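The numbering used here applies: residue 971 is where the sequence shown begins, and numbers increase by one.
Using N, Cα and C, we set each Cβ at its ideal position, and we do this for glycine too.
Computed from a predicted structure; not experimentally measured.
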Amino acid sequence: MLEKNNASKGKVTGSLQENMTYLNARLDVEKNFDIIYRVIHIGGKEACMYLIDGFCKDDLAQKLLQYFMDLTPDKMPEDMHGLSKQFTPYVEVDLEDQWEMLIQSLLSGMFILLIDGYTKALLIDSRTYPSRGVEEPEKDKTLRGSKDGFVETLVANTALIRRRIRSTDLHMEMLSAGESSRTDITLCYMKERVDTVFLEDVRRKIQNIQVDALSMNQESLAECLYQKKWYNPFPKFKYTERPDAAAAQVLEGNIVILVDNSPSAMILPTTIFDVIEEADDYYFPPITGTYLRVTRFLISLLTYLVTPTFLLLINNSQWIPESFSFILLKEEPNLPLIWQFLILELAIDGLKLAAINTPNMLSTPLSVMAALVLGEFSVNSGWFSSEVMLYMAFVAIANYTQANYELGYALKFLRIITLLLTQWFDLWGYIGGILLAVLGICCNRTVSGKSYIYPLVPFDWKNLKNRLIRRRLPGAIKEQTGAER
């Protein structure tokens, strides 16, 4: 009955025994070995501390415990507020009297202290999560620039952005989602540069998410934030593991979302031009950065067009000029070309999955075996034509010129559709496939509801020029006066 009363009230009472009874029942401390609680005496009063083993710093908890136990009755303040102000030698300290917030803080790794006669609990944020070092990300590598990357700890990730933007305008807003997981989510934005209407919409959506847990971290959050047009494969969010890229997006007025346990940042809103951009564009001189950007765009376009165009020309060999007759098949294929392309599309994805799950020590010999079997042996056996293998090898390698996986698979799906339409309807199918791809991009919308191809539509020449051409960063050197010298 006592436990029911505490649960219905939802607040910490002045009786330590009642608080311990309720909290022990909620946490089931007798079965959960990693939930540690200890009854102690502080200044002549009975007290109890709770912590999660592995989350709290042991040496710090030991020092705090020793400090509290050395307090004498004459030094004890009247309430927990006085204890936190006068006798708690730590920086990150808070008070709480609501059970739900108290339990959530405890399960997040905070140190909890309850004292008999006090109606509030003391929260000490001494948590430390198991994490790896801040190293260069495997995916978003650059030839120049910083070599640090996001990790799975949220506080470390926010610190990496704070290190680059030392402005009071930078805001880090903490939210949470998931009935069971209570996953921490941070909104990073510049208050004076962000679209406030869009920011409020994102904040409201996160606060109203009705889901048990964000089991897949950022992907689960993305699916909750954007539930329209699931059939459009083009990415609505841009992900980066680089703190410098995330900081640059924040400075441009975008919103960066950090999710606890995820080593990457979500950037929104995102257009097709944002997806194509990479950090290397800005770590080289403007002319080199422009060349890299244009090259990446053209290669991405070729990965979509090269195999459907080859299929169209082979099916209509009379259209091929004599100077380009070398692209014709040297031997009659045993399998129709469309089946060769489709099988190789599937085989390339199979090799990617195999590479992900292959131990590092075996990756090199297995890669050699895969190249031999799928390359020379498959051509010699008559399964595939050498020309088909060449073009599909180009597509497989060229996909790695841009780091966005979602864009790569979007082009892959459209390429397969265009291949099938070309095989079924010849030239009209080829044209229809291209129109379908163009409509898939042009009719798409960002998370904020704006055009996916801005600044092309609506047309903004100044912004479009900045997207296509890597320009010098705006700025000037201040001229010193004679007095300043």
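Check for me: the beta strand (DSSP E) holding residue i runs from which residue to which?
i	result
M1071	Segment 1069–1077 is the alpha helix (DSSP H) holding M1071; no beta strand (DSSP E) there.
S1146	1140–1147
D1023	Looking at the DSSP string, D1023 is not in any beta strand (DSSP E), and its letter there is neither H nor E.
Y1209	1208–1210
D1154	1153–1160
I1237	1235–1238
E1066	1063–1066
L1093	1091–1094
Applying the 10 Å Cβ sphere with the 16-neighbour rule, what's the burial state of residue i?
i	result
C1026	buried
L972	Confidence is the limiting factor: at L972 the pLDDT is only 42, short of 50, which leaves the residue's position unreliable, though a coordinate-based value still follows. Exposed is the call here.
S1351	exposed
Q1032	exposed
A1017	buried
F1395	exposed
Q1180	exposed
N1436	exposed
S978	A caution first: S978 carries a pLDDT of 42, below 50, which makes its placement in the model too unreliable to give a value.
M1039	exposed
I1155	buried
V1408	exposed
I1367	exposed
K1090	buried
G1052	exposed
T1042	exposed
Q1188	buried
G1014	exposed
T1258	exposed
I1094	buried
Return the first residue and the last residue of the alpha helix (DSSP H) that residue i is part of.
i	result
M1359	1356–1368
L1228	Run containing L1228: none in the alpha helix (DSSP H); it sits in the beta strand (DSSP E), 1225–1229.
T1112	It is not in any alpha helix (DSSP H) - T1112 carries neither H nor E in the DSSP assignment.
K1432	1431–1438
L993	986–997
C1412	1375–1412
R1266	1256–1285
R1136	It is not in any alpha helix (DSSP H) - R1136 carries neither H nor E in the DSSP assignment.
G1052	1050–1056
L1312	1307–1327
L1191	1188–1195
F1243	1242–1246
Q1180	Taken as a continuous stretch (DSSP letters only), Q1180 belongs to no alpha helix (DSSP H), as it is neither H nor E.
D1214	1213–1221
Identify which residue in the options has its Cα closest to the Cα of residue i.
i	options	result
P1239	R1415, P1047, P1043	R1415
E1122	L1228, I1284, G1320	L1228
R1097	F1383, F1081, T1112, A1363	F1081
I1401	P1278, G1378, L1323	P1278
V1245	F1038, L1130, Q1219, R1133	Q1219
Y1253	D1430, L1434, T1112, K1015	T1112
D1250	R1212, G1223, I1237	R1212
L1377	K1206, R1133, G1148	K1206
M1132	A1215, R1152, V1365	First, the residue type needs correcting, since residue 1132 is Arg and not Met in the sequence shown. Checked all of A1215, R1152, V1365; the closest Cα to R1132 is A1215.
M1359	Y1379, R1266, L1312	L1312
E1012	L1299, P1047, K1001	In the sequence on display, residue 1012 carries Ile and not Glu. Cα-wise, what sits closest to I1012 is P1047.
K1300	A995, F1120, E1357	E1357
S1150	Q1074, M1144, V1164	Q1074
D1319	L997, E1062, Y1375	Y1375
E1248	S1355, G1148, R1440, E1143	R1440
Y1201	T1392, L1384, L1426, E1000	L1384
A1126	R1008, F1003, N1231	N1231
L1275	Y1196, P1256, T1392	T1392
N1304	V1349, I1297, L1321, I1290	V1349
L1083	D1029, K1055, G1119, R1008	R1008
Quickly, what does DSSP pair residue i with across the bridge? List them, please.
i	result
A1017	I1010, I1085
I1005	I1022
K981	Q1068
S1421	R1415
R1097	C1026
I think residue i touches residue j, with their Cβ atoms under 8 angstroms apart; what is that distance to the nearest whole Å?
i	j	result
Q1068	K981	6 angstroms
L1092	I1022	That belief does not hold up - the Cβ atoms of L1092 and I1022 are roughly 16 angstroms apart, past 8 angstroms.
F1280	Y1361	6 angstroms
G1410	T1388	Contact flag wrong, Cβ pair sits at about 11 angstroms.
G1223	D1165	7 angstroms
Y1037	P1059	6 angstroms
S1421	P1428	7 angstroms
I1225	V1172	6 angstroms
L986	D1086	4 angstroms
Quick check: does the Cβ of residue i come within less than 6 angstroms of any heavy atom belonging to the ligand MN?
i	result
F1025	With respect to the ligand MN, the structure offers nothing, as it holds no ligand at all.
Against chain D, with Cβ distances strictly below 7 angstroms, would residue i count as a contact?
i	result
T1277	Among the protein chains of the structure shown there is no chain D, as only one such chain exists.
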